[in-house]
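Residue numbers (full-length UniProt numbering): 1 to 194.
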């Protein structure tokens, strides 16, 4: 059987060259994509914590009493995890006026979504039993009850090659939350805002 004229389609050589170019482009894009994913994980975790701080503050004002954002030992915990360790793997927003055994006292929950992210608290927060307590006036005060709480939650990624591997959620002026990016060493001491 003889073919007459040219047939439509790709030759094997054209297909191989196209696949080789696509593979080179994919190899060049992979590190950038990994960085993009790591930055998105950091932003998501930071936004979740900012939302928890804002929610805690607004609930305290709405309810007219103290509401607490604190570290928890699991994603089903009903009470705050006491102690002065800085690592926050899980957290809850609780209304301490409701009995500790009542599940309705937990107003919101949060957890770290991935193992590449850690959340650590500065000494002003760990010294306050890892609790950020907003009062009915919307202010977070320190353990003495008179000074405004100033502290930092550091959201840190251990992903290699990430220049700005941390987000600092700083509580200033009694609970006003600000965020910034930083290059930090994960699992090290967290500074209080200056």
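We treat Cβ as the ideally placed atom computed from N, Cα and C, and that holds for glycine.
Treat the numbers as computed from the prediction; the structure is a model and nothing was measured.
| Query | Result |
| --- | --- |
| In chain order, what residues of the same chain lie with their CB nearer than 7 Å to the CB of residue 82, ignoring the 5 residues before and after it? | 129 |
| Taking the alpha-carbon positions, what's the residue 98 to residue 105 distance? | 5 Å |
| Please report the straight-line C-alpha distance between residue 164 and residue 191, rounded to a whole angstrom. | 17 Å |
| What three-state label does DSSP hand residue 34 in the structure shown? | helix |
| Tell me residue 91's beta-bridge partners as DSSP assigns them. | 71, 110 |
| Just to confirm the assignment, what range does the alpha helix (DSSP H) spanning residue 147 have? | Residue 147 -> no alpha helix (DSSP H), and no H or E assigned at all. |
| So for residue 79, helix, strand or coil by DSSP? | coil |
| Can you check whether the CB of residue 86 is closer than 9 Å to the CB of residue 125? | yes |
| In the structure shown, what three-state DSSP assignment does residue 140 receive? | strand |
| Given that a residue counts as buried once 16 or more other Cβ atoms are within 10 Å of its Cβ, and exposed if not, what is residue 84? | exposed |
| Kindly give me the distance between the Cβ atoms of residue 184 and residue 156, rounded to whole angstroms, as I take these residues to be in contact under 8 Å. | 6 Å |
| Can you tell me which residues form a DSSP beta bridge with residue 125? | Its beta-bridge partners do not exist; DSSP assigns none. |
| If you reduce the DSSP assignment to three classes, tell me which class residue 10 lands in. | coil |
| Residue 103 by DSSP, collapsed to three states: which one? | helix |
| What separation, rounded to the nearest whole angstrom, lies between the Cα atoms of residue 50 and residue 153? | 10 Å |
| Would you call the CB atoms of residue 37 and residue 67 closer than 9 Å? | no |
| Please determine if the stretch 21–30 and the stretch 136–147 are in contact, where contact requires at least 3 C-beta pairs separated by less than 8 Å. | no |
| Quick one: residues in its chain with C-beta nearer than 7 Å to the C-beta of residue 146, no 5 flanking neighbours on either side, listed in chain order? | none |
| Looking only at its own chain, which residues have a Cβ that is under 6 Å from the Cβ of residue 73, when we skip the five neighbours before and after it? | 81 |
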